[in-house]
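One point on numbering: in this note's numbering, the residue at position 55 of the sequence shown is 58, and numbering is uninterrupted.
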Amino acid sequence: MEIIKKAKKECLLCMEEHEVETAKIQEVELFRNREVTYTATYEYCSNTDELIETEEMFKSNDLALKDSYRAEVGLLTSNEIKAIREKYRVSQKGLTRVLGWDEATISCYETFQIQDRIHDNLL
Ligand SMILES: [Zn+2]
Numbered sequence: 004m005e006i007i008k009k010a011k012k013e014c015l016l017c018m019e020e021h022e023v024e025t026a027k028i029q030e031v032e033l034f035r036n037r038e039v040t041y042t043a044t045y046e047y048c049s050n051t052d053e054l055i056e057t058e059e060m061f062k063s064n065d066l067a068l069k070d071s072y073r074a075e076v077g078l079l080t081s082n083e084i085k086a087i088r089e090k091y092r093v094s095q096k097g098l099t100r101v102l103g104w105d106e107a108t109i110s111c112y113e114t115f116q117i118q119d120r121i122h123d124n125l126l
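Structure (structure tokens):
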């Protein structure tokens, strides 16, 4: 566990105000029949010795898992998809229009959804 931040705030676990630590932890999870290793972020409460995810952390941890999976199976990660857009200076919607896809497709790929091989090859 690596502590990356400490801040006094209302703790979501014990409901008291105290120094809550933000920690990075290496996780291994079975995802689509593969053991995927990724780095997750949690808040740590020293009163209860427990970890909790904020809603934001839940989303970013989910994306970290899926990006590790994508890297392992040779699909573009969310950051690589972003980099393609930045290279051509197009918005998420702009890129979907060029490719003739549904408007939300790229936005989904950059936040929570894993693209299939056909979409990946097109990108
Ligand atoms: Zn606490």
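Glycine is no exception: its CB is placed at the ideal position from the N, C-alpha and C atoms.
- Message: Using CA atoms only, rank isn't needed, just tell me which of V101, Q118, I7 is closest to E83.
- Response: Numbered from 1 along the sequence shown, position 80 holds the residue referred to as residue 83. Closest by alpha carbon: Q118.
- Look up R35 in the DSSP assignment and say whether it is helix, strand or coil. Translated into the one-based positions of the sequence shown, residue 35 becomes position 32. The three-state reading of DSSP puts R35 in coil, since its state is none of H, G, I, E or B.
- Item | Cross-strand partners of H21 (DSSP beta bridge) | Taking the first residue of the sequence shown as position 1, residue 21 is located at position 18. Paired residue(s): K12.
- Item | Sheet register partners of E53 (DSSP bridge) | As a working note, residue 53 is residue 50 in the sequence shown. C48.
- When you compare each of M4, Y47, R92, I28 to K11 by their alpha carbons, which one comes out closest? Residue 11 sits at position 8 when you count from the first residue of the sequence shown. Nearest in C-alpha terms to K11, of all of M4, Y47, R92, I28, is Y47.
- Message: Between which residues of its own chain and L16 is the CB-CB distance below 6 Å, once the five residues before and five after are set aside?
- Response: Locating residue 16 in the sequence shown gives position 13, where the first residue counts as 1. Taken in chain order, the residues that qualify are C48, T51, E53, I55.
- Message: Quick check on S94: buried or exposed, where buried means 16 or more other Cβ atoms within 10 Å of its Cβ?
- Response: For the purposes of this step, residue 94 is taken as residue 91 along the sequence shown, with counting starting at 1. Counting Cβ neighbours within 10 Å, S94 comes out exposed, since fewer than 16 surround it.
- Message: For A107, report the span of its alpha helix (DSSP H) as first-last.
- Response: By 1-based counting over the sequence shown, the position of residue 107 is 104. Neither: A107 is in no alpha helix (DSSP H) and is coded neither H nor E.
- Tell me whether C17 counts as near ligand 1, meaning its Cβ is closer than 7 Å to at least one heavy atom of that ligand. Position 14 of the sequence shown, counting from 1, holds the residue named residue 17. Yes, Cβ of C17 sits closer than 7 Å to a heavy atom of ligand 1.
- Could you check what DSSP says for I87 in three-state terms: helix, strand or coil? The count along the sequence shown starts at 1 and reaches residue 87 at position 84. DSSP places I87 in helix when its eight states are reduced to three.
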